[in-house]
Structure formats: C-alpha cells, structure tokens
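Protein chains: 2
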Amino acid sequence: MNPTEVITQRLRAQGLRLTPQKRVVIGLLQNNATHPTVDSLYENARQEVPSISRRTVYQTVNDLESMGEVTLLDLGTGSVRVDPNVEHPHHHMICSECGVVRDAVIDVSALTPSARDRRDFDVTDVEVNFRGVCRNCQDNGKTA
Amino acid sequence: MNPTEVITQRLRAQGLRLTPQKRVVIGLLQNNATHPTVDSLYENARQEVPSISRRTVYQTVNDLESMGEVTLLDLGTGSVRVDPNVEHPHHHMICSECGVVRDAVIDVSALTPSARDRRDFDVTDVEVNFRGVCRNCQDNGKTA
DNA sequence: CAACTTATCAACAATAATTGTTGATAGCAA
DNA sequence: TTGCTATCAACAATTATTGTTGATAAGTTG
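Protein sequence lines, in the order shown, are assigned to chains A and B.
Quick note: the first sequence uses this note's numbering, first residue 1, plus one each step.
Quick note: the second sequence uses this note's numbering, first residue 145, plus one each step.
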C-alpha cells in the first residue's frame with residue numbers, strides 16, 4: 001500500500017476524510033506482513049482509539065480495497081484477511097491448524113488452464129495456496 | 145467418490161446407517177461436476193425427500209468429507225462447495241461474478257515454495273485457483 | 001420376523017462473520 | 001469561523017454454519 005500521506009491525498013481526492021480511526025487502521029497495516037484479520041486489527045486499534053468500533057474497521061478496510069490499497073483474502077480460515085502488499089506479486093502458505101498466513105514468492109507465468117478451458121473462461125488472476133503445517137504447530141504437535 | 149454400494153459398506157463398517165436422506169444426497173453427488181453448495185444440494189434433495197432439513201445435508205456432507213469421499217471447497221464465494229472428485233487431482237476456475245466453479249487439470253509438480261520458505265513450513269497440498277469471468281457472465285455483460 | 005439398541009432425523013436455538021441503518025459528531029473546504 | 005456532509009458508534013439484521021433434543025427408524029440379533 002501507499003504511504004499514509006499518499007493515501008490521505010487519494011482519500012481527499014474522492015471527497016473522503018482522514019479520521020483518527022482511519023489513521024490508526026492504516027498505520028497498523030503499513031509494513032504489516034501478518035495478514036491480519038479484521039478482528040485482530042480491531043483489537044490492536046482499540047489500544048490507540050478505545051472507542052473504535054468493529055464496523056469502522058470493516059468499513060475502512062473495504063474502502064482501502066476499493067482504492068486498490070489492500071487486498072482482502074478469503075483463504076478459508078473463517079474470516080477475511082487483509083494484505084497490504086499489492087506491489088509485489090506473491091502467493092500464500094496457509095497453516096491448516098492455526099490459520100497463520102505467510103507469503104511465498106513463486107513464478108506462475110507457466111500456470112495456465114488448457115486452451116480448451118480458456119476458451120470459455122477469461123482468466124484474470126492466478127492464485128496459488130500452499131496448505132500445510134507451520135513450524136509452530138509442528139512443534140506443538142510433538143509435545144502434545 | 146466411491147459408488148453408493150461401497151459408501152454404504154464403509155458407513156456400516158463405522159456403525160453408521162444409510163438413510164433415505166443420505167441416499168439422496170449421495171446420489172446427487174455422484175458424477176456431479178458442478179461443485180454444488182449445500183443449499184443447492186438441499187433444494188434438489190427436497191424434490192425427492194421433501195421433509196429433509198438443511199442440517200441433515202450439512203451433516204451428511206461433513207460425514208462424507210471425514211470419510212474422504214468428498215472434498216469441501218471454500219473458494220471465497222460465500223459458502224462451501226462440495227467436490228465429489230477426489231480421484232483425479234485437479235484445480236479450479238472460479239467466476240468472480242456468479243461464483244460458478246469449473247475444473248482445470250494442470251501440472252503443479254514444479255510448484256513449490258523456495259527452499260527457505262519450506263524450511264519452516266511443511267507443505268501438504270498445493271491449490272491453484274484461476275479467477276476470472278465465465279462465458280455466461282461475459283455475454284451478459286455485453287448486453288447489459 | 002420380532003425386539004432392541006442407538007444413529008439419525010427435523011425442528012429449533014445459537015454462533016460467528018459481516019453488512020445495513022441512524023442520529024449525532026467532527027473533517028475540511030471556503 | 002461556518003457550513004456541508006462524510007463518518008462514527010451503537011444497534012439491528014443477515015447469512016452460513018453448528019449445537020441440542022426428543023422422537024423415529026436402521027439394522028443387528030435372538
């Protein structure tokens with residue numbers, strides 16, 4: 001995502017406003033590679049703006065997605081995750097046990113459906129998900 | 145998934161029973177490449193067993209997944225889809241407009257995270273989703 | 001084939017993630 | 001500083017899914 005100042009400009013250009021609530025959520029997303037859920041953003045945002053509501057976090061995150069500043073990921077972990085990295089193409093490794101998400105950079109230029117399949121379907125995006133078990137959950141499994 | 149007779153045996157072996165409700169749901173899934181939602185299965189099942197409840201369809205589908213007879217797909221279309229094709233590895237093409245899902249057979253043997261990424265993550269499954277617009281929605285868009 | 005055990009059903013309630021609504025408040029442009 | 005209105009928090013509503021329960025029926029056994 002763009003730096004906060006740029007996002008502020010882009011908001012204003014649309015007649016939108018930069019509020020303390022938005023500022024905090026945007027701040028939490030800058031350089032954040034944890035793919036946070038809305039709920040996790042909400043919990044963190046409360047530390048700085050205790051009165052913030054979950055609704056506002058949802059709203060902010062949806063607005064940012066409309067602006068192309070973030071991507072909303074539905075990786076089957078029960079709730080949406082926010083990915084501020086829209087600059088560098090990447091994919092994801094998802095822990096089936098705890099739901100943690102990490103980035104994976106791979107080359108997908110050779111990945112394409114058969115010519116036959118493409119005939120009836122206009123592919124706009126290729127998404128690769130590596131499912132598995134993260135180191136943390138592997139270790140927990142050992143001791144359990 | 146296995147033929148109904150085999151599934152019946154497998155159910156019995158676990159002390160489970162084959163009821164008319166299960167029979168209908170299993171029947172609807174045989175040779176079904178439409179990746180139906182639970183709701184769509186429910187609507188179709190009602191034609192044969194009007195008294196069937198959504199809960200029973202959920203239950204049946206979850207049981208079948210536990211047995212490895214089907215896969216439950218969460219492709220970000222809002223609700224789970226049931227895929228009875230567990231025999232032939234394949235991936236999916238998902239229409240971003242209407243949510244329809246089609247199979248895509250591709251080779252993913254070369255797809256793997258970097259050695260560094262794999263060090264801390266045990267990959268058990270690679271999932272490729274082609275997002276785009278199906279022919280149907282393309283045509284509708286033209287006339288709209 | 002009758003009896004018995006208990007898995008299963010439908011009905012209903014509950015959860016969890018997310019979105020809709022609203023009146024009061026506060027950004028920000030002039 | 002003023003005025004317009006985007007935005008907020010609070011609350012309600014929606015949707016997909018799971019939990020609970022007492023009555024019923026599947027299928028095994030005598």
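Even for Gly, the Cβ is constructed at its ideal location relative to N, Cα and C.
Because the structure is a prediction, the values reported are computed rather than measured.
Closer than 7 Å to the CB of G76 (chain A) there is at least one CB belonging to chain B.
Note on the segment 96-130 of chain A: whole beta strand (DSSP E) runs with a minimum of 3 residues are 101-104, in chain order. Residues of chain A with a Cβ closer than 8 Å to the Cβ of C242 (chain B) do not exist; the shortest Cβ-Cβ separation is about 12 Å. Taking C-beta atoms under 8 Å as the contact rule, R131 (chain A) and D269 (chain B) qualify, at a distance of about 4 Å. For D74 (chain A), the secondary structure class from DSSP, reduced to helix, strand or coil, is coil.
Identification of chain A residues near G276 (chain B) by a Cβ-Cβ cut-off of 8 Å yields F121, D122, V123, T124, D125, ordered along the chain.
For V38 (chain A), the enclosing alpha helix (DSSP H) starts and ends at 38-48. Under the Cβ criterion of 7 Å, D117 (chain A) is counted among the residues facing chain B. Close CB contacts of C134 (chain A) within its chain, under the 7 Å cut and outside five residues either way in sequence, are with C95, C98, V100 (chain order). With 16 or more other Cβ atoms from the protein chains shown falling within 10 Å of its own Cβ, R225 (chain B) counts as buried. Here the segment 103-110 of chain A does not lie against the segment 59-71 of chain A, with fewer than 3 beta-carbon pairs under 8 Å apart. The three-state secondary structure of I94 (chain A), taken from DSSP, is strand. Residue contact check for P233 (chain B) against chain A: no CB pair falls below 7 Å. For the segment 22-54 of chain A, there are no residues whose beta carbon sits under 8 Å from a beta carbon of chain B. Residue burial annotation: E127 (chain A) is buried, with at least 16 other C-beta atoms found within 10 angstroms of its C-beta. If you compare the alpha carbons of B:D264, B:Q282, B:N284 with that of D139 (chain A), the shortest gap goes to B:D264. Under the DSSP definition of a beta bridge, V57 (chain A) lacks any partner. The Cβ of P228 (chain B) sits no closer than 7 Å to any Cβ of chain A.
Straight-line measurement puts the Cα of D183 (chain B) at about 13 Å from the Cα of L172 (chain B). In this chain, the alpha helix (DSSP H) harbouring V25 (chain A) covers 20-29.
A Cβ-Cβ separation of about 12 Å leaves T56 (chain A) out of contact with I26 (chain A) under the 8 Å criterion. Among the CB atoms of chain A, one or more fall inside 7 Å of the CB of V272 (chain B). In its chain, beyond the 5 residues on either side, H234 have a beta carbon closer than 6 Å to the beta carbon of D247 (chain B). In the structure shown, V150 (chain B) adopts helical secondary structure according to DSSP, grouped into three states. Around the beta-carbon of P257 (chain B), 16 or more other beta-carbon atoms lie within 10 Å, marking it buried.
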